[in-house]
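**Q** Please read through the structure below; I'll follow up with questions.
Protein chains: 2
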Amino acid sequence: MFSFEITNSDDYARTGVFSYPKGKVETPCFMPVATCASIRLLTSQEVMDMGFGAIILNAYHLFKRPGLEILKKSGGIHNFMRWNGMVVSDSGGFQIFSLPDSHADENGIILKDPESGITHYFTPEKVMEIQNSIGADVIMCLDYCPKIWDNLKEVNLGVHRTVSWAKRSKLVHTNPRQQLWGIIQGGVDIGLRKYCFEELEKISFEGYGIGGLSIGEPWEKTIEVVNSICRSIGKKVVYLMGVGMPDQIVETVELGVDFFDCAMPTRIARNGTTISWSGKFNIKAASCKEQQIPLDPECDCFVCRTYTRAYIRHLFNAKEMLGMRLNSYHNLYFMAKLMEKIREAINKKAFAQFKKDFLTKYKRKEKNA
Amino acid sequence: MFSFEITNSDDYARTGVFSYPKGKVETPCFMPVATCASIRLLTSQEVMDMGFGAIILNAYHLFKRPGLEILKKSGGIHNFMRWNGMVVSDSGGFQIFSLPDSHADENGIILKDPESGITHYFTPEKVMEIQNSIGADVIMCLDYCPKIWDNLKEVNLGVHRTVSWAKRSKLVHTNPRQQLWGIIQGGVDIGLRKYCFEELEKISFEGYGIGGLSIGEPWEKTIEVVNSICRSIGKKVVYLMGVGMPDQIVETVELGVDFFDCAMPTRIARNGTTISWSGKFNIKAASCKEQQIPLDPECDCFVCRTYTRAYIRHLFNAKEMLGMRLNSYHNLYFMAKLMEKIREAINKKAFAQFKKDFLTKYKRKEKNA
C-alpha cells in the first residue's frame, strides 16, 4: 500500500514517487501547511490545482478544534476539508516549543492551551490515537523538540525521550492505511543526531522527519545536520520539517531531502511579502505604488495574469483582505512551480546548474531591494 | 450612449435594461459594494461570474486611498480592479452620516478622516471632479443626508442644499461617458420628498437615487416613501440606496425599484450570518456543529457544492479567514440568484406569487432559528 521509489538522482539530489493507499506524490515535494484544516484563505481545490500532492496539518490543533468527534462524523480529514491528495499529520511535539507554559516528562508532553488555560497530557499512545482518528495518510511519532538554548545534556535527554516515545508509538501502530514516520532529534550535535537515527532505525520506520531545525541555529549548522542525516538515511524517505523557503529548499534538495513543509510562504504573504523568481519583496513598499506590472512578471498564476502591483499594494494599504488572499495564492503557486522545476532539473541531471541560476537571481534582487 | 428601457412590468414591479457606453445591465439589479475598489475577500472575476452586472463604490474612500493619481495611472477604476461590468460611484454625501466629526455648510460637506485627523472640504464641483477621475459609468450628485433624529426644519434645509448642490453638479457635468443621477432626500416626510424630486426633475436627471433611508426609520415608513417616489419618477431609473437585504429587495421591487446596493450581505457574512432560501442563520451556532449539509441545500454555488456546514463552522471557530471568504461568496451568490428569480417572476407576470412564496419561506425559518 505504501512505497517510496527513487526515480532519478543527480549527485545526492533525487526525484521519487511516494505511493500511499489513495494515490501518489512526486518528490521532492513541498507540503503547504493547513494547521487547522485550512490553507489560510485558499480553498483545497485551488491548492490542488496548483499541483500540490500533499499537505501537512497538526494533531494538537485539530484535537482542540474541531475535535475528533466532528472529524469522525465528517468522514475523516480528507472529506472534512475536501482535500483529495495526501495528508501528513504532525504529532504535536513541536507545540512544546511554540506554546508557552508547556513542558514534558518521560511519558509525554503537557501542553497548556493559551486560550482556555486547560492543559492536555499527550502520551505517545494518545497522540497515535488522535492521529488515527484524524485519518491522515502519514503520521508522525511524538517527539521531544529541544529549545535552541538547551545544553547538550538536555538535548541528549530529548533524544532518549524521542527514541523511547517512537518505540511506544510503533507498538500501538496498527492502522495499515497510515504510515508512521519517526522523527530525528539531537539539536545541532551530529553525534546525537546519528545516534537518534540509529536507534530509530532499530525500531524501523519507512520515513524519517528531521525535527528541531530552523529554530534559530545558523544555516551552516542546518546544512551540516541535514547532510549528515541524509547520508545515514539513504534510500528511505527524508522529510525536513518546518524548513521551506525557496532558497532553503534548493540548498537541501541538493543534500537528498524528499519532503518539506513550511508556514512561511503563506504567513509572510499575509504581511505583504511576495516571493518572486527575482527574490522576495514587500508589496506594501512605496516603490510598488504605481507599478502596472504583475507581482512577478515571470509568473503565470491567475493573480499575476490578472492584477497589478499597484492594485494589490492598494488592497494591503486599505486593509482589504483580498490582498492577503491574492498574495497567499501567488506565493503558494510559486512554491508549486519551484518544486516542479526542481524535479525537472534533477530528472535532466542538471540540478547543480539550476541551483546556481536560481540562487543567483533569487538572492541578487533581494539584496538590491 | 445611455438608455433605460423597461422591458416588462407586473403591476408596479418591472424588468428593464440599462445601457451604458460599454455594456448593458438587467434590472432589477443588486450592486455589490466595493467601497475601496474591492468586494471584500472576493475577486472581480468571481463576482462577474455570479452574474452581477454592476457594482457601487465610494468617491470619498477612493479619493483617500489609492488616490486619484494612482487611479488615473491605472487606467481608471475598471482597469484598476479588473471589473468588466458597470461601475456606479457614490458621491460621498453619506459619509457625513458615517464619519464622526463631519458637518456641512451651504457649499458642501466637511469630512474628517478618522485615521489621519485631516479634514477634506467637498463641494459639489469637487465631488464631480473626483468622480470624473475615478471613471465610473454612473456618478451621483453630492447630497446632504439628514440624520434620523433631525427635526423637520433640518431635513428641509438638507433638501434645499441637496437641490442646490444637484444644480451645481449638473452645471459642471461634461463627460458624456458618465451619466449623472440625482439623489432625493427628505427623510420620511412625503411632502418634502415629493418637493425634492420635483426640484431635481426641473434640473433633469435620467436616474434618481433615493437616499437617506434604512438609517433607523420603521420599515413601513421606508415603504411609504419609496412607493410615493416611485409613483413620481415613473419610467426613469429608480435606485434605492443602501437598502438591500433579500426581503427588503423583494418588497421594494414590488414598488418599482430598479437598482439596489447594500453592504449587508457581505458584512454579515464575515460575522458568520448565512443567507439561505429558508432565511438567515448564523453558521457559528452550535446546531451547525456536526451538520454534513451545505450552507443552503437549495443553493448550487461552489461553496454549497463543496463544503459542509460543519467545516465552515469550524473555520469560523478557528478564526480561519477562509470561513469569511466562503460565506461571503455564498451570500453574494444568493443575491445574484435572487435577482435572477425576481426578473424571471416579473417577466412571467408572476411576481406577486413569487413574493408571497419567497417571504413565507424566508421569514418562517428565520423565526424558528
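Chains as they are written, first to last, in the working numbering: chain A, 209 to 577; chain B, 209 to 577. We treat Cβ as the ideally placed atom computed from N, Cα and C, and that holds for glycine.
#1: The alpha helix (DSSP H) that contains L408(A), what's its start and end?
#2: Buried or exposed for K443(A), going by 16 or more other Cβ atoms inside 10 Å?
#3: Please confirm whether R273(A) and N525(B) have their CB atoms less than 8 Å apart.
#4: Using a Cβ-Cβ cut-off of 8 Å, state whether I278(A) counts as contacting chain B.
#5: Can you pull the chain B neighbours of C244(A), defined as C-beta to C-beta under 7 Å?
#6: Classify S341(A) as helix, strand or coil using the three-state DSSP reduction.
#7: Taking the CB atoms as reference points, tell me whether G394(A) and L400(A) lie closer together than 8 Å.
#8: Under 7 Å between beta-carbons, which chain B residues line up against K497(A)? List them in chain order, please.
#9: Can you check which of these residues, P236(A), Y268(A), K557(A), is closest to F467(A) by C-alpha distance?
#10: Check the Cβ-Cβ distances between F288(A) and every residue of chain B, and say whether any is below 8 Å.
#11: Where do the N-terminal and C-terminal ends of the beta strand (DSSP E) with A544(A) fall, by residue?
#12: What residue does the alpha helix (DSSP H) around W389(B) start on, and which one ends it?
#13: Does the structure place the segment 514–522 of chain B close enough to the segment 489–503 of chain B that three or more beta carbon pairs sit under 8 Å?
#14: Are at least three pairs of beta-carbons, each pair with one atom in the segment 270–286 of chain A and one in the segment 309–318 of chain A, less than 8 Å apart?
#15: Taking 8 Å as the threshold (C-beta atoms), are A245(A) and M294(A) in contact?
#16: Throw me the rounded Cβ distance for the F212(A) and E414(A) pair, which I believe falls under 8 Å.
#17: Given 8 Å as the limit, is there contact between the segment 358–370 of chain B and the segment 279–297 of chain B, that is, 3 or more CB pairs closer than that?
#18: At 9 Å on the CB atoms, spell out the chain A contacts of R273(B), in chain order.
#19: Indicate whether at least one CB of chain B lies closer than 8 Å to the CB of K281(A).
#20: Given that Y515(A) touches chain B, what residues does it touch there, using C-beta distances under 7 Å?
#21: Run through chain B and tell me which residues come within less than 9 Å of A471(A), C-beta to C-beta.
#22: Mind checking if Q500(B) is an interface residue toward chain A, Cβ cutoff 8 Å exclusive?
#23: Would R248(A) count as contacting chain B if we go by Cβ distances under 8 Å?
#24: Check G450(A) in the structure and name its three-state DSSP category.
#25: Tell me the DSSP secondary structure of L360(A) in three-state form.
#26: Can you name, in chain order, every residue of its own chain whose Cβ lies under 8 Å from the Cβ of F559(A), other than the five neighbours on each side?
#27: Looking at the unbroken alpha helix (DSSP H) that takes in S227(A), where does it start and where does it end?
#28: In whole angstroms, what is the alpha-carbon distance linking F238(A) and G284(A)?
#29: Tell me the DSSP bridge mates of A312(B)?
#30: What is the DSSP secondary structure of N576(B), reduced to helix, strand or coil?
#31: Between the segment 527–559 of chain B and chain A, which residues of the former have CB atoms less than 7 Å from a CB of the latter, in chain order?
#32: Could you check the C-alpha separation between M547(B) and L448(B) for me, to the nearest Å?
#33: Run down chain A in chain order and give the residues with a C-beta less than 8 Å from the C-beta of A518(B).
#34: Whole angstroms is fine: what's the gap from D321(B)'s alpha carbon to D358(A)'s?
#35: For G231(B), count the other beta carbons within 10 Å of its own beta carbon; 16 or more makes it buried, fewer makes it exposed. Which is it?
#36: Beta-carbon separation of C470(B) and V241(B) under 8 Å?
**A** Straight from the coordinates:
#1: Locating residue 408(A) in the first sequence gives position 200, counting from the first residue. Start and end: 398–411.
#2: Residue numbering aside, residue 443(A) sits at position 235 when the first sequence is read from its first letter. Result: exposed.
#3: Position 65 of the first sequence, counted from the first residue, corresponds to residue 273(A). Position 317 of the second sequence, counted from the first residue, corresponds to residue 525(B). In contact: R273(A) and N525(B) (Cβ atoms closer than 8 Å).
#4: Position 70 of the first sequence, counting from 1, holds the residue named residue 278(A). For I278(A), the answer is yes, since a Cβ of chain B falls inside 8 Å of its Cβ.
#5: Counted from its first residue, the first sequence places residue 244(A) at position 36. Under the 7 Å cutoff, chain B gives A526, E528.
#6: Stepping through the first sequence from its first residue, residue 341(A) is reached at position 133. Helix, per DSSP.
#7: On the first sequence, residue 394(A) is found 186 positions in, with the first residue counted as 1. On the first sequence, residue 400(A) is found 192 positions in, with the first residue counted as 1. With respect to L400(A), G394(A) sits close: the two C-beta atoms are nearer than 8 Å.
#8: Locating residue 497(A) in the first sequence gives position 289, where the first residue counts as 1. Simply I278.
#9: The residue you call residue 467(A) lines up with position 259 of the first sequence. Out of P236(A), Y268(A), K557(A), the CA that lies nearest to the CA of F467(A) is found in P236(A).
#10: Here the question's residue 288(A) lines up with position 80 in the first sequence. Yes, contact with chain B.
#11: For the purposes of this step, residue 544(A) is taken as the residue at position 336 of the first sequence. A544(A) -> not in any beta strand (DSSP E); alpha helix (DSSP H) instead, spanning 529–555.
#12: Stepping through the second sequence from its first residue, residue 389(B) is reached at position 181. Here W389(B) belongs to no alpha helix (DSSP H); instead the beta strand (DSSP E) covers 387–392.
#13: yes
#14: no
#15: As a first step, residue 294(A) must be located in the first sequence, where it is residue number 86. As a first step, residue 245(A) must be located in the first sequence, where it is residue number 37. Cβ atoms of M294(A) and A245(A): not closer than 8 Å.
#16: Within the first sequence, the letter at position 4 stands for residue 212(A). Within the first sequence, the letter at position 206 stands for residue 414(A). With a Cβ gap of about 7 Å, F212(A) and E414(A) count as contacting.
#17: no
#18: Within the second sequence, residue 273(B) is the residue found at index 65, counting from 1. The answer, in chain order, is H522, N525, A526.
#19: Within the first sequence, residue 281(A) is the residue found at index 73, counting from 1. Yes, K281(A) lies at the interface with chain B (some Cβ there is under 8 Å from its Cβ).
#20: Indexing the first sequence from 1 puts residue 515(A) at position 307. Neighbours of Y515(A) across chain B, judged by C-beta separation under 7 Å: R290.
#21: In the first sequence, the residue the question calls residue 471(A) occupies position 263. By Cβ distance, chain B contributes nothing, its closest Cβ being about 13 Å from A471(A), past 9 Å.
#22: To locate residue 500(B), count along the second sequence from 1; it is residue 292. For Q500(B), the answer is yes, since a Cβ of chain A falls inside 8 Å of its Cβ.
#23: Residue numbering aside, residue 248(A) sits at position 40 when the first sequence is read from its first letter. Cβ-Cβ to chain B under 8 Å: yes for R248(A).
#24: Here the question's residue 450(A) lines up with position 242 in the first sequence. Secondary structure of G450(A) (DSSP, three-state): coil.
#25: Within the first sequence, the letter at position 152 stands for residue 360(A). In this structure, L360(A) counts as helix in the three-state DSSP scheme.
#26: For the purposes of this step, residue 559(A) is taken as residue 351 along the first sequence, with counting starting at 1. Excluding positions up to five away in sequence, the list reads D218, D219, A221, V461, E462, I550, A553.
#27: One-based indexing of the first sequence puts residue 227(A) at position 19. It is not in any alpha helix (DSSP H) - S227(A) instead sits in the beta strand (DSSP E) that spans 221–228.
#28: Counted from its first residue, the first sequence places residue 238(A) at position 30. Counted from its first residue, the first sequence places residue 284(A) at position 76. Straight-line Cα distance between these residues: approximately 23 Å.
#29: Mapped onto the second sequence, residue 312(B) falls at position 104. The partner list for A312(B) (beta bridge, DSSP) reads I317(B).
#30: By one-based count along the second sequence, residue 576(B) stands at place 368. Unreliable positioning characterises N576(B) in this predicted model, as indicated by a pLDDT of 47, which lies under 50. The coordinate reading is nonetheless provided below. Collapsing the DSSP output to three states places N576(B) in a helix.
#31: Close to chain A, meaning a Cβ-Cβ distance shorter than 7 Å, are the following residues of the segment 527–559 of chain B: E528, M529, L530, R533.
#32: If you number the second sequence from 1, residue 547(B) lands on position 339. If you number the second sequence from 1, residue 448(B) lands on position 240. Each residue's Cα considered, the two are about 15 Å apart.
#33: Locating residue 518(B) in the second sequence gives position 310, counting from the first residue. Near A518(B) (Cβ distances below 8 Å), the residues of chain A are P274, I278, K281, S282, F288.
#34: Here residue 321(B) is taken as the residue at index 113 of the second sequence, counted from 1. Here residue 358(A) is taken as the residue at index 150 of the first sequence, counted from 1. Going by the C-alpha atoms only, they are around 51 Å apart.
#35: Taking the first residue of the second sequence as position 1, residue 231(B) is located at position 23. Answer is exposed; the Cβ neighbour count stays below 16.
#36: Along the second sequence, read from residue 1 onward, the residue named residue 470(B) stands at position 262. Along the second sequence, read from residue 1 onward, the residue named residue 241(B) stands at position 33. In contact: C470(B) and V241(B) (Cβ atoms closer than 8 Å).
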